[in-house]
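Following: one structure in structure tokens, then a few remarks.
2 protein chains.
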Amino acid sequence: MSNRMVKLARRPTGMAKREDFTIEDGPVPEPGPGAFRVKIEYISLDPAIRGWMNDAKSYVPAIGIGEVMRSYSAGIVETSNNPAFRPGDAVQGLFGVQRYAVSDGQRVIKVDTSQAPLQRWIGGLGMPGWTAYFGLLEVGQPKAGETVVVSAAAGAVGSIVGQIAKIKGCRAVGIAGGAEKCRYVTETLGFDACVDYKGGRLAADLKAAAPKGIDVYFENVGGEILDTVLMQMNLFGRIPVCGLISAYNATSVPEGPKNLRAVLTQRLKMQGLIVFDWANRVPEAIAQLGAWHKEGKLAIREDVRDGGLDAFPDVLNLLYTGGNQGKLVLKV
Amino acid sequence: MSNRMVKLARRPTGMAKREDFTIEDGPVPEPGPGAFRVKIEYISLDPAIRGWMNDAKSYVPAIGIGEVMRSYSAGIVETSNNPAFRPGDAVQGLFGVQRYAVSDGQRVIKVDTSQAPLQRWIGGLGMPGWTAYFGLLEVGQPKAGETVVVSAAAGAVGSIVGQIAKIKGCRAVGIAGGAEKCRYVTETLGFDACVDYKGGRLAADLKAAAPKGIDVYFENVGGEILDTVLMQMNLFGRIPVCGLISAYNATSVPEGPKNLRAVLTQRLKMQGLIVFDWANRVPEAIAQLGAWHKEGKLAIREDVRDGGLDAFPDVLNLLYTGGNQGKLVLKV
Numbered sequence: 106m107s108n109r110m111v112k113l114a115r116r117p118t119g120m121a122k123r124e125d126f127t128i129e130d131g132p133v134p135e136p137g138p139g140a141f142r143v144k145i146e147y148i149s150l151d152p153a154i155r156g157w158m159n160d161a162k163s164y165v166p167a168i169g170i171g172e173v174m175r176s177y178s179a180g181i182v183e184t185s186n187n188p189a190f191r192p193g194d195a196v197q198g199l200f201g202v203q204r205y206a207v208s209d210g211q212r213v214i215k216v217d218t219s220q221a222p223l224q225r226w227i228g229g230l231g232m233p234g235w236t237a238y239f240g241l242l243e244v245g246q247p248k249a250g251e252t253v254v255v256s257a258a259a260g261a262v263g264s265i266v267g268q269i270a271k272i273k274g275c276r277a278v279g280i281a282g283g284a285e286k287c288r289y290v291t292e293t294l295g296f297d298a299c300v301d302y303k304g305g306r307l308a309a310d311l312k313a314a315a316p317k318g319i320d321v322y323f324e325n326v327g328g329e330i331l332d333t334v335l336m337q338m339n340l341f342g343r344i345p346v347c348g349l350i351s352a353y354n355a356t357s358v359p360e361g362p363k364n365l366r367a368v369l370t371q372r373l374k375m376q377g378l379i380v381f382d383w384a385n386r387v388p389e390a391i392a393q394l395g396a397w398h399k400e401g402k403l404a405i406r407e408d409v410r411d412g413g414l415d416a417f418p419d420v421l422n423l424l425y426t427g428g429n430q431g432k433l434v435l436k437v
Numbered sequence: 106m107s108n109r110m111v112k113l114a115r116r117p118t119g120m121a122k123r124e125d126f127t128i129e130d131g132p133v134p135e136p137g138p139g140a141f142r143v144k145i146e147y148i149s150l151d152p153a154i155r156g157w158m159n160d161a162k163s164y165v166p167a168i169g170i171g172e173v174m175r176s177y178s179a180g181i182v183e184t185s186n187n188p189a190f191r192p193g194d195a196v197q198g199l200f201g202v203q204r205y206a207v208s209d210g211q212r213v214i215k216v217d218t219s220q221a222p223l224q225r226w227i228g229g230l231g232m233p234g235w236t237a238y239f240g241l242l243e244v245g246q247p248k249a250g251e252t253v254v255v256s257a258a259a260g261a262v263g264s265i266v267g268q269i270a271k272i273k274g275c276r277a278v279g280i281a282g283g284a285e286k287c288r289y290v291t292e293t294l295g296f297d298a299c300v301d302y303k304g305g306r307l308a309a310d311l312k313a314a315a316p317k318g319i320d321v322y323f324e325n326v327g328g329e330i331l332d333t334v335l336m337q338m339n340l341f342g343r344i345p346v347c348g349l350i351s352a353y354n355a356t357s358v359p360e361g362p363k364n365l366r367a368v369l370t371q372r373l374k375m376q377g378l379i380v381f382d383w384a385n386r387v388p389e390a391i392a393q394l395g396a397w398h399k400e401g402k403l404a405i406r407e408d409v410r411d412g413g414l415d416a417f418p419d420v421l422n423l424l425y426t427g428g429n430q431g432k433l434v435l436k437v
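Taken in sequence, the protein lines are chains A and B. At position 160 of the first sequence the residue is numbered 265 (this note's numbering), and the sequence of numbers has no breaks. At position 277 of the second sequence the residue is numbered 382 (this note's numbering), and the sequence of numbers has no breaks.
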């Protein structure tokens, strides 16, 4: 019995390559006093991971060279010296990309697998769900009757954002890449409309999908899409900036939004958000998202990939090539 | 006796030229029922005027071809059919670039020339002052001990922003063009520091002037300065976007801020503002700015230019070439 670990070997240039990682075996870690060991079953692949690999000023320290890759994951407690976590408990936390993790329980959440399968607790009911919940409601402040547009609408966060917008009485418009994703966004997720940004007529299609203009734009991608949306924002519109995935693998500093003037003339509020800022309100998000899910108002889908830890480098890149549909998860 | 008027002849490309205006004489307008006539003495030159000349979606309609140029101005009521405005009253309002204006009194403010000279009521105690007051306090939300940076710091709005920041217990840092303006900003206006952006080491100089990072950046200019400031913003910083003067005469869509990623990682709030949004609170701004001015806490300077209405095109352009120091005003 050994612990398989995916470690950062060097900082990538552009898209991460297999050579940027080392995948190695080590001893299974033993928990000390107050700690417990988790056997990890599912690894969450989130766009932010690529940013954590860069040595740049950010909201968390960069992953160090030689360190286990950082990620949310979900698993089962195997052995414990912590009375709050018992063997057999299902848990999720920042356990990293490995087979076994030891934790003292800080920021670890016990989850109920009778309510939803384990992988969903790192997806729609996990960090991506919390991000959508706080980002849309706290920063976006949508009001009934308004139009909410979200990019990466078929993704883990975007799919939840649009559904919450619908629950709050808004018109929900997604932006996604390709007809299949757009069908998923409207037919399965229930958005009012979805614009295929690969269709080559983004501005016109968006205008048709949001004829009254855009009140809230939940930003996951940046780049040209942001520029196009800026020109269709309504007065006093809000732009929660959750991600800028179009730039995460950039090898030079990307161009910024040319249409920033709209922020001034339309009195827009553009505000960055990181879910960690609402850490003390996570139970509220879990309770509300869980309730909506149970009531059938919130569809949640995972895109679970096999291949084990060795597949991590390839599966990670699916996020940046648009290869996933729904929350991307790696089965260990 | 005739009315001299500066009208928009055509929409400028780049900097406005004399040929973009017609300067002509017409009959002196007679006020109808409920209206009054003002003899204008001072014309306010504000960066926004250039934007009003473009046929683009904005916060107010564009000035029409053949219409009198829009501007704030100050003058004396000559004849009145409105009991609220008597001959001899000093007033300010959007009277336009002309010798005489007729008004029904809407959004016209009576001013006290015993408290401050007439031209100051279209400067530090007028629209630029209100903009600084609401923009900094309502959007910027500065807290004592924080660092406030303002660009165009020697200008009409910037000069007031930094002084209010000082009054509120903040460190005030200006950005201005040239050693003379910077001296004015620190010595006369009392900012803690001023960075000369023409010095060629903006990032390093700003770092030295704001060693604890930047909590509020009051944006008047856009472009490279915004990009540099973005990299030095503190967590949860606020960026009131009041102006983007670097782009007002652009003949192609300018590049946007490359460092938008800082909005996300530092959870910045970037918010556009137009002073008209606080129209119903203007009396509060006037009272507070006037009180600070009287107490000697708020230095206000006008840069009054002679030459009459015929000089308007040339004087306007001083705003965009950095040729003014303090509030730019044209004496009719």
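Backbone N, C-alpha and C define an ideal beta-carbon position, used for all residues, glycine too. Predicted model, so just to flag it, every value in this text is computed and none were measured.
In the DSSP assignment, what residue or residues form a beta bridge with residue i?
| i | result |
| --- | --- |
| Ile128 (chain B) | B:Val111 |
| Ser208 (chain B) | B:Phe141 |
| Gln203 (chain A) | A:Met110 |
| Val105 (chain A) | Limits of chain A in this structure are 106 at one end and 437 at the other, which puts residue 105 (chain A) out of reach. |
| Gly377 (chain A) | A:Val346 |
| Arg123 (chain B) | For Arg123 (chain B), which the question treats as bridged, DSSP gives no partner whatsoever. |
| Arg410 (chain A) | A:Leu435 |
Residue i to residue j, Cα distance in whole Å?
| i | j | result |
| --- | --- | --- |
| Gly97 (chain A) | Gln211 (chain A) | Since the first and last residues shown for chain A are 106 and 437, residue 97 (chain A) lies out of range. |
| Lys312 (chain B) | Ile319 (chain A) | 38 Å |
| Val368 (chain A) | Met375 (chain A) | 8 Å |
| Leu424 (chain B) | Asp151 (chain B) | 7 Å |
| Glu243 (chain A) | Glu324 (chain A) | 14 Å |
| Val278 (chain B) | Ala237 (chain B) | 15 Å |
| Gly193 (chain A) | Ala390 (chain A) | 24 Å |
| Ile330 (chain B) | Gly305 (chain A) | 33 Å |
| Ala404 (chain B) | Ala167 (chain B) | 33 Å |
| Trp397 (chain A) | Met110 (chain A) | 36 Å |
| Ile170 (chain A) | Gly234 (chain A) | 30 Å |
| Ala161 (chain A) | Ala179 (chain B) | 52 Å |
| Arg288 (chain A) | Lys317 (chain A) | 22 Å |
| Arg372 (chain B) | Met336 (chain B) | 12 Å |
| Ala315 (chain B) | Gly327 (chain A) | 29 Å |
| Met174 (chain A) | Cys347 (chain B) | 42 Å |
| Arg191 (chain A) | Phe141 (chain A) | 8 Å |
When burial is assigned at 16 or more other CB atoms within 10 Å of the CB, is residue i buried or exposed?
| i | result |
| --- | --- |
| Gly245 (chain A) | buried |
| Val358 (chain A) | exposed |
| Asn159 (chain B) | exposed |
| Ala121 (chain B) | buried |
| Gln197 (chain A) | buried |
| Glu407 (chain B) | buried |
| Val165 (chain A) | exposed |
| Asn108 (chain A) | buried |
| Phe417 (chain A) | buried |
| Met338 (chain A) | buried |
| Gln430 (chain B) | buried |
Could you give the first and the last residue of the continuous beta strand (DSSP E) run that contains residue i?
| i | result |
| --- | --- |
| Tyr322 (chain B) | 319-323 |
| Cys299 (chain B) | 298-301 |
| Arg116 (chain A) | Counting along the chain, Arg116 (chain A) falls outside any beta strand (DSSP E), and DSSP gives it neither H nor E. |
| Arg276 (chain A) | 276-281 |
| Ala195 (chain A) | 195-198 |
| Val254 (chain A) | 252-256 |
In terms of residues, what are the limits of the alpha helix (DSSP H) holding residue i?
| i | result |
| --- | --- |
| Leu403 (chain A) | From DSSP, Leu403 (chain A) is part of no alpha helix (DSSP H); its letter is neither H nor E. |
| Gln268 (chain A) | 261-272 |
| Gly234 (chain B) | 232-239 |
| Leu435 (chain A) | Where Leu435 (chain A) is concerned, there is no enclosing alpha helix (DSSP H), although the beta strand (DSSP E) it sits in stretches over 432-436. |
| Thr426 (chain B) | 417-426 |
| Glu285 (chain A) | 284-288 |
| Leu307 (chain B) | 307-314 |
For chain D, is any of its Cβ atoms less than 7 Å away from the one on residue i?
| i | result |
| --- | --- |
| Gly361 (chain B) | The structure shown contains no chain D; its protein chains are A and B. |
Give the list of continuous alpha helix (DSSP H) stretches no shorter than 4 residues that lie fully inside the region 125-192 of chain A.
153-157
Report the residue ranges of all beta strand (DSSP E) runs contained in full by the region 327-373 of chain A; include only those spanning at least 3 residues, in chain order.
Runs of beta strand (DSSP E) with 3 or more residues, each lying fully within the region 327-373 of chain A, are found at 338-346, listed in chain order.
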